[in-house]
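S.K.: Structure incoming, see below.
Structure representation (structure tokens):
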């Protein structure tokens with residue numbers, strides 16, 4: 025996470041009712057798209073990440089540290105309109121390949137933070153938390169903000185470095201960890217873990233992507249702690265979480281307070297009973313207001329009863345625990361980030377030596393899924409894997425790059441209507 029980000033989060037409400045976060049690693053195309061959606065009047069950005077879209081920078085340039093030196097009487101600020109309907113915009117990748125601006129209201133943010141304070145989710149009131157998750161991601165935002173709300177210690181790190189991560193846990197006696205699966209895997213397998221005293225850790229909550237049963241068990245036994253899973257989206261906040269004291273591997277838990285959930289048949293929309301696999305739909309007070317400036321997308325994902333169709337498929341067992349089986353959406357989840365295949369396919373298709381292309385997520389124990397391209401070469405060309413990997417790397421942010429490499433094939437399997445058969449494509453990698 026950016027350790028300066030929380031200072032900005034606390035400052036913005038004094039001058040504006042609306043705050044927006046974006047991945048600082050975003051390339052110019054993605055960033056330009058998000059700026060067009062949010063239309064911010066003020067940008068906080070690190071010096072190394074400054075980009076321009078027309079070769080000029082005709083704006084006032086202020087140093088953040090200089091701003092901190094100024095003294096301001098907070099009572100002189102105007103009161104923000106209490107009836108404001110938009111307070112936060114976070115960005116989430118969609119099937120179209122471009123990020124959508126997810127608009128959260130004050131009520132939805134408050135509902136999510138209330139949920140974080142409950143013992144069923146995190147019992148964060150009794151915790152010392154390590155702040156490692158980025159605040160431009162919904163998971164990192166609600167964890168960091170919850171610590172501030174409940175007045176608890178939050179030890180912040182700029183990025184994950186194995187030794188610093190473990191040293192921070194040992195030195196500050198961290199009691200609760202909110203992690204994504206790659207970090208849980210690190211705790212399960214890294215020999216470095218044995219060199220540090222992690223006995224203060226009592227509870228680990230994993231989110232942002234499914235966590236495998238084997239890894240969940242390995243960490244639980246190695247550290248002697250609870251390892252639980254939670255489930256939610258940028259659009260929903262927290263939907264489910266495994267309650268404390270329940271060691272039930274594979275589940276993402278039970279529905280949290282005030283959230284409703286149903287499983288529906290993907291073809292008919294009929295509500296399904298327990299242990300039947302279908303699309304996950306849910307609604308609650310922590311849910312988004314809309315996709316910014318995209319009413320059609322908002323309408324498409326919401327049914328007549330107000331339930332959000334999240335695009336994932338799963339089932340609920342007889343005890344009320346939710347299990348994620350897969351997803352209708354074709355989004356690849358790499359280390360908790362959503363990578364849209366359509367965007368990578370569109371970029372690769374522009375390369376003169378590429379005849380056809382399909383992108384899928386190759387299963388990976390550490391990252392969840394690795395974006396992998398299957399490419400049909402143009403006749404009489406000798407384009408290499410490395411050249412295509414570099415071609416993509418120059419045009420997308422780090423999480424969207426071809427971490428699974430490139431596989432050259434004779435054809436891309438498709439339906440009669442021209443849609444890629446991704447289930448067949450995955451077999452080739």
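Numbering (my numbering), first residue to last: 25 to 453. Ideal placement from N, C-alpha and C gives every residue a C-beta, glycine not left out.
What first and last residue would you give for the beta strand (DSSP E) that runs through residue 201?
M.R.: The residue labelled residue 201 in the question sits at position 177 within the chain shown. Residues 200–203.
S.K.: So for residue 362, helix, strand or coil by DSSP?
M.R.: Reading the chain shown from its first residue, position 338 is the one you call residue 362. Looking at residue 362 - three-state DSSP - the assignment turns out to be strand.
S.K.: DSSP beta-bridge partners for residue 347?
M.R.: Against the chain shown, residue 347 aligns to sequence position 323. Answer by DSSP bridge pairing, in chain order: 339.
S.K.: In three-state DSSP terms, what is residue 380?
M.R.: For this step, residue 380 is matched to residue 356 along the chain shown. Strand, per DSSP.
S.K.: From which residue to which residue does the beta strand (DSSP E) around residue 123 run?
M.R.: For the purposes of this step, residue 123 is identified with residue 99 of the chain shown, where counting begins at 1. Residues 123–128.
S.K.: For residue 299, which of helix, strand or coil comes out of DSSP?
M.R.: For the purposes of this step, residue 299 is taken as the residue at position 275 of the chain shown. In the structure shown, residue 299 sits in coil (DSSP, three-state: anything other than H, G, I, E or B).
S.K.: Skipping 5 residues on each side, what residues in its chain have a beta carbon closer than 8 Å to that of residue 208?
M.R.: Residue numbering aside, residue 208 sits at position 184 when the chain shown is read from its first letter. Excluding residues within five positions, the ones whose Cβ falls inside 8 Å are 228, 230, 235, 239, 240, 243, 251.
S.K.: Could you tell me the alpha carbon to alpha carbon distance between residue 202 and residue 358, rounded to whole angstroms?
M.R.: Position 178 of the chain shown, counted from the start, is the residue given in the question as residue 202. Position 334 of the chain shown, counted from the start, is the residue given in the question as residue 358. Roughly 17 Å separates the two Cα atoms.
S.K.: Between residue 348 and residue 338, how many whole angstroms is the CB-CB distance? I'm expecting something under 8 Å.
M.R.: Indexing the chain shown from 1 puts residue 348 at position 324. Indexing the chain shown from 1 puts residue 338 at position 314. That pair is a contact at about 5 Å.
S.K.: If you check the beta carbons only, do residue 363 and residue 396 fall under 8 Å apart?
M.R.: As a first step, residue 363 must be located in the chain shown, where it is residue number 339. As a first step, residue 396 must be located in the chain shown, where it is residue number 372. Cβ atoms of residue 363 and residue 396: not closer than 8 Å.
S.K.: Give a yes or no on whether the C-beta atoms belonging to residue 282 and residue 135 are separated by under 8 Å.
M.R.: On the chain shown, residue 282 is found 258 positions in, with the first residue counted as 1. On the chain shown, residue 135 is found 111 positions in, with the first residue counted as 1. In this structure, residue 135 lies closer than 8 Å to residue 282 by Cβ.
S.K.: When burial is assigned at 16 or more other CB atoms within 10 Å of the CB, is residue 128 buried or exposed?
M.R.: Residue mapping note: residue 128 aligns to position 104 of the chain shown, counting from 1. Flag for residue 128 reads buried.
S.K.: Given this structure, state the Cα-to-Cα distance separating residue 436 from residue 224, to the nearest angstrom.
M.R.: The residue given as residue 436 occupies position 412 in the chain shown. The residue given as residue 224 occupies position 200 in the chain shown. Cα-Cα distance, rounded: 51 Å.
S.K.: If we ignore side chains and look at the alpha-carbon of each, how far apart do residue 429 and residue 291 end up?
M.R.: Within the chain shown, residue 429 is the residue found at index 405, counting from 1. Within the chain shown, residue 291 is the residue found at index 267, counting from 1. Answer to the nearest angstrom: the Cα atoms are 34 Å apart.
S.K.: For residue 434, does the three-state DSSP call read helix, strand or coil?
M.R.: One-based indexing of the chain shown puts residue 434 at position 410. DSSP places residue 434 in coil when its eight states are reduced to three.
S.K.: Give me the residue from 405, 426, 204 with the minimum Cα distance to residue 415.
M.R.: The sequence position of residue 415 within the chain shown is 391, counting from 1. Per the Cα distances, 426.
S.K.: Tell me which residues share the same chain as residue 441 and place their Cβ nearer than 6 Å to its Cβ, disregarding the 5 neighbours each side in the sequence.
M.R.: For the purposes of this step, residue 441 is identified with residue 417 of the chain shown, where counting begins at 1. With a pLDDT of only 43 at residue 441, under the threshold of 50, the placement of this residue in the model should not be trusted, and no figure is reported.
S.K.: I need the straight-line Cα distance from residue 373 to residue 295, nearest angstrom please.
M.R.: Taking the chain shown and counting its residues from 1, one reaches residue 373 at position 349. Taking the chain shown and counting its residues from 1, one reaches residue 295 at position 271. Computed Cα separation, rounded: 40 Å.
S.K.: I need the DSSP call for residue 187, collapsed to helix, strand or coil.
M.R.: Here residue 187 is taken as the residue at index 163 of the chain shown, counted from 1. Helix at residue 187.
S.K.: Using the Cα positions of residue 255 and residue 152, report the straight-line distance between them to the nearest angstrom.
M.R.: The residue you call residue 255 lines up with position 231 of the chain shown. The residue you call residue 152 lines up with position 128 of the chain shown. Cα to Cα, the separation comes out at about 22 Å.
S.K.: Report the rounded CA-to-CA distance for residue 456 versus residue 131, giving the unit in angstroms.
M.R.: The structure shown does not extend to residue 456, since the chain is modelled only from 25 through 453, so no value can be given for it.
S.K.: DSSP three-state label for residue 402, please.
M.R.: In the chain shown, counting from the first residue as 1, residue 402 sits at position 378. Correct three-state label for residue 402: coil.
S.K.: So, are the CB atoms of residue 308 and residue 287 less than 8 Å apart?
M.R.: As a first step, residue 308 is located in the chain shown; it is residue number 284 there, counting from the start. As a first step, residue 287 is located in the chain shown; it is residue number 263 there, counting from the start. No, the Cβ-Cβ distance between residue 308 and residue 287 is not below 8 Å.
S.K.: So residue 172 packs on residue 193, CB below 8 Å; how close in whole Å?
M.R.: Taking the first residue of the chain shown as position 1, residue 172 is located at position 148. Taking the first residue of the chain shown as position 1, residue 193 is located at position 169. Their Cβ separation, rounded to whole angstroms, is 20 Å, which puts residue 172 and residue 193 out of contact at 8 Å.
S.K.: At which residues does the beta strand (DSSP E) containing residue 164 begin and terminate?
M.R.: The residue labelled residue 164 in the question sits at position 140 within the chain shown. Careful: residue 164 lies outside any beta strand (DSSP E), inside the alpha helix (DSSP H) at 162–173.
S.K.: Could you tell me whether the Cβ atoms of residue 453 and residue 398 are closer together than 8 Å?
M.R.: Sequence index remark: in the chain shown, residue 453 carries index 429 (1-based). Sequence index remark: in the chain shown, residue 398 carries index 374 (1-based). Contact: yes.
S.K.: Just how far apart, CA to CA, sit residue 248 and residue 124?
M.R.: The count along the chain shown starts at 1 and reaches residue 248 at position 224. The count along the chain shown starts at 1 and reaches residue 124 at position 100. Rounded to the nearest angstrom, the two C-alpha atoms are 40 Å apart.
S.K.: Where does the unbroken alpha helix (DSSP H) through residue 247 begin, and where does it stop?
M.R.: Counting from 1 along the chain shown, the entry for residue 247 is found at position 223. That run of the alpha helix (DSSP H) goes 237–247.
S.K.: Might you give, ordered along the chain, the residues of its own chain that have their beta carbon closer than 8 Å to the beta carbon of residue 186, omitting 5 neighbours on each side?
M.R.: Counted from its first residue, the chain shown places residue 186 at position 162. For residue 186, where only same-chain residues beyond five positions count, the Cβ hits under 8 Å are 210, 214, 216.
S.K.: Can you check DSSP and say which residues form a bridge with residue 154?
M.R.: Counting from 1 along the chain shown, the entry for residue 154 is found at position 130. Partner(s): 179.
S.K.: Distance check for residue 336 and residue 447, CA to CA, integer angstroms please.
M.R.: As a first step, residue 447 is located in the chain shown; it is residue number 423 there, counting from the start. As a first step, residue 336 is located in the chain shown; it is residue number 312 there, counting from the start. Taking the straight line from one Cα to the other gives about 16 Å.
S.K.: Report buried or exposed for residue 56, applying the criterion of at least 16 other Cβ atoms within 10 angstroms of its Cβ.
M.R.: In the chain shown, counting from the first residue as 1, residue 56 sits at position 32. Residue 56 comes out exposed.
S.K.: Is it right to say residue 393 is buried, meaning 16 or more other beta carbons lie within 10 angstroms of its own, or is it exposed?
M.R.: For the purposes of this step, residue 393 is taken as the residue at position 369 of the chain shown. The residue is buried, with at least 16 neighbouring Cβ atoms inside 10 Å.
S.K.: In chain order, what residues of the same chain have a beta carbon less than 6 Å from the beta carbon of residue 270, not counting five sequence neighbours either side?
M.R.: As a first step, residue 270 must be located in the chain shown, where it is residue number 246. Nothing meets the Cβ criterion.
S.K.: Quick check: the Cα distance between residue 323 and residue 139, rounded to an integer number of angstroms?
M.R.: Taking the chain shown and counting its residues from 1, the one referred to as residue 323 is at position 299. Taking the chain shown and counting its residues from 1, the one referred to as residue 139 is at position 115. So the alpha carbons of these two residues sit roughly 26 Å apart.
S.K.: Suppose the cutoff is 6 Å on Cβ atoms and the five residues either side in sequence are ignored; what does the same chain contact list for residue 388 look like?
M.R.: On the chain shown, residue 388 is found 364 positions in, with the first residue counted as 1. 394, listed in sequence order.
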